[in-house]
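Counting in my numbering, the sequence shown runs from 57 upward without gaps.
Let me begin by presenting the structure, written as structure tokens, before commenting on it.
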Amino acid sequence: MLTFRESIYRNNYFLRIHIMSFKQWEEVDWAKVENRILRIQKRIYQASKLGNKGKVVYLQNLLLKSLDAKLLAVRKVTTENKGRKTPGVDQIVYIKPEQKISFVQNLKVDGKAFPIKRVCIPKAGTKELRPLGIPVIRDRAKQALCLMALEPEWEAKFEPNSYGFRPGRSCHDAIEAIFLSLRSKTKNQNNSKYLLDADIQKCFDSIDHDYLCNKLNTAKVLKDQVRAWLEAGIMEGLTEINDITPNLKGTPQGGVISPFLSNVALHGMEESIKKWIKTKPSFNTQRGKKAKRQAISLIRYADNFVIIHPNKEIIEEAKEVIAKWLLENPKLQLNTAKTSIINTDEGFNFLGFRCITIHRNNQARTKIYPCRENQARFLLEIRNTIQRNKNASAFGLIQVLRPKILGWGNYYRYCECKETFSKLTHLIFQKIRAWVFRRDVRNGRTEIKENYFPNGREWSFDGSIHKDNWILYGKDKSTNKEAWLPHLVWIKSIKWVKVIGTASIYDENDLYWANRSKSYGN
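Quick look at the structure:
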């Protein structure tokens, strides 16, 4: 009977022979590839959770050499990724199936890295520019390959209230965690709390390389490869290949593995605050260490985080504690201009949501809704889209607007959104109606209305039937396809259930994630 190591080698050998004979890239059975990778990742997770470092390193090396992992890594960066046609400094892209197959056969984690092309893109809602690093596609594939090996190890270590760029977790989990921290647990309790709204100054650009590599504490081949990416030179714009700036600190934004590395660098923040709070005198009659730990919350999404506590003095001290931790560990600093202490009665923005505590009839209630800045930005995008499509058909305009409206609505449906959606529906309709009556001046308004907004029709959306005589409708004459634009207000508000504690998709509890995927698609 074959051992596990021999069976893996044998399976990879036959798969290698088979893939070399492929005429089409699409012949790969991706479901089987992903399942085989997931089995190894679950073993890495369990070994890491049990503290078996030797087994973790062995399984990581096994995964790095696996043809399955190489296939999936190449697929992610050459087929699935939006930047698959954006080359790095080598100006090489992989489009044809035979190119991808050759790429898979030559992919290897070798501790080397090409320079990174840096471009500056505007930050959303500001006039500031954010530096974006564009690695070559070969390095992107190696990063995806290494991420498959490193991620399950660290998923067994990451703190429960870290939500950014982690599998099975999302910004909605972070918002729900804030809601649970702010809500009133008793009917007549004054639930006013204080919050540290923190901002780390140039987080991705300032992380210390030595600290990060030592903290990874992983297999030598992985550590050497990560350091090579961190120290890869930077080419500004379209400069010559010889004009390369050395990268002395930070993880360039834009790499596949960069968000993961930032999570590793910031890991430990929550536990440092929890340990510190146990040494502080209690602000009420609850003097136990467990009660003190539960009274304070640190919720982090990538480099954005908040600290919540009922006592303002505790929050002020926590600010100094977390600033010291950042300076001593990943060598980061808080941006004092953008870091503030807020009473939750005043409200604050986090990840595009507005969170506020409202007091009525001697009772506190936490309300979360889309922030006004994002509402205005969304309306401006809809307006600009309509302006750019003045000459488009109704069918063409619907094809452009529909994913924008539904995408925005589906993001904000997990809050108190009904009033906001109703207001935005009216404003969007005014713009669409103006577009319709501006483009057709030959016919009467009644005829125009019937052409673009037909009467007496029923519209099925999200399991409900709607009767509305002002739904934009269009038909493509060449293909005879029909399209219509649903109202934003038709998207129903849904309660989001936060992921349980430190649960991970790599855990053996498949039933939990299977049930969760039905509701949230995680």
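Glycine included, each C-beta is placed from N, C-alpha and C at the ideal position.
When the five nearest sequence neighbours on each side are left out, the beta carbons in the same chain lying within less than 6 Å of the beta carbon of Q97 are those of P208 and Y562, in order along the chain. Comparing C-alpha distances from A87 to each of R131, I313, E376 and K105 shows the shortest one belongs to R131. A straight line joining the alpha-carbon of V545 with that of D518 spans about 12 Å. Pairing S328 with Q155, the inter-Cα distance amounts to about 48 Å.
Scanning its chain for C-beta atoms nearer than 7 Å, with the 5 sequence neighbours on each side dropped, one finds around R458 the residues L541, in chain order. Close CB contacts of E475 within its chain, under the 8 Å cut and outside five residues either way in sequence, are with Y425 (chain order).
Less than 8 Å divides the Cβ of I172 from the Cβ of I290. When only Cα atoms are considered, H323 and T395 end up about 20 Å apart. L128 and S226 have their C-alpha atoms roughly 23 Å apart. With a threshold of 16 other beta carbon atoms within 10 Å, V362 meets it and is buried. For E207, the enclosing alpha helix (DSSP H) stretches over residues I193 to E211. Judged by DSSP in its simplified three-state form, D124 adopts helix. The DSSP assignment places complete beta strand (DSSP E) segments of no fewer than 3 residues inside the segment 387-418 at 396-399, 404-406 and 409-416, in order along the chain. In this structure, E437 lies near K460, with their beta-carbon atoms less than 8 Å apart.
When the five nearest sequence neighbours on each side are left out, the beta carbons in the same chain lying within less than 8 Å of the beta carbon of I352 are those of I329, K330, I333, I363, I364, H365, I370 and A374, in order along the chain.
In terms of CA proximity to L203, L278 leads the group L236, R410, L278 and L383. Here F170 is buried, its C-beta having at least 16 other C-beta atoms within 10 Å.
Fully enclosed alpha helix (DSSP H) runs of no fewer than 4 residues occupy 345-351 of the segment 334-368, in order along the chain. In the three-state DSSP reduction, P302 falls in the coil class, being neither helix nor strand.
Residue pairing by DSSP places R421 opposite I414 in a beta bridge. Residue environment for W526: exposed (fewer than 16 other C-beta atoms within 10 angstroms of its C-beta). The beta carbons of A200 and V312 sit closer together than 8 Å. Taking 8 Å as the cut-off, the beta carbon of F451 is found closer than this to the beta carbon of G530. Sequence-distant Cβ neighbours of V89 in its own chain, meaning closer than 7 Å and more than five residues away, are D124, L127 and L128. Within the segment 493-534, complete beta strand (DSSP E) segments of at least 3 residues are found at 514-517, 520-523 and 529-531, given in chain order. Between G465 and I547, the C-beta spacing is below 8 Å.
In the displayed model, K537 falls within coil according to three-state DSSP, outside both helix and strand. Cβ-Cβ distances below 8 Å link E472 to K423, I424, Y425 and S549 in the same chain, with the five nearest sequence neighbours on each side left out; the list follows chain order.
In the displayed model, I550 falls within coil according to three-state DSSP, outside both helix and strand.
Rounded to whole angstroms, the gap between the alpha carbons of N445 and D146 is 36 Å. In this structure, A230 and I355 form a Cβ contact; the two beta carbons are roughly 6 Å apart against a cut-off of 8 Å.
Taking K523 as the centre and dropping the five residues before and after it, the same chain places the C-beta of E514 closer than 7 Å to its C-beta, in chain order. N391 is positioned such that its CB atom lies closer than 8 Å to that of I256.
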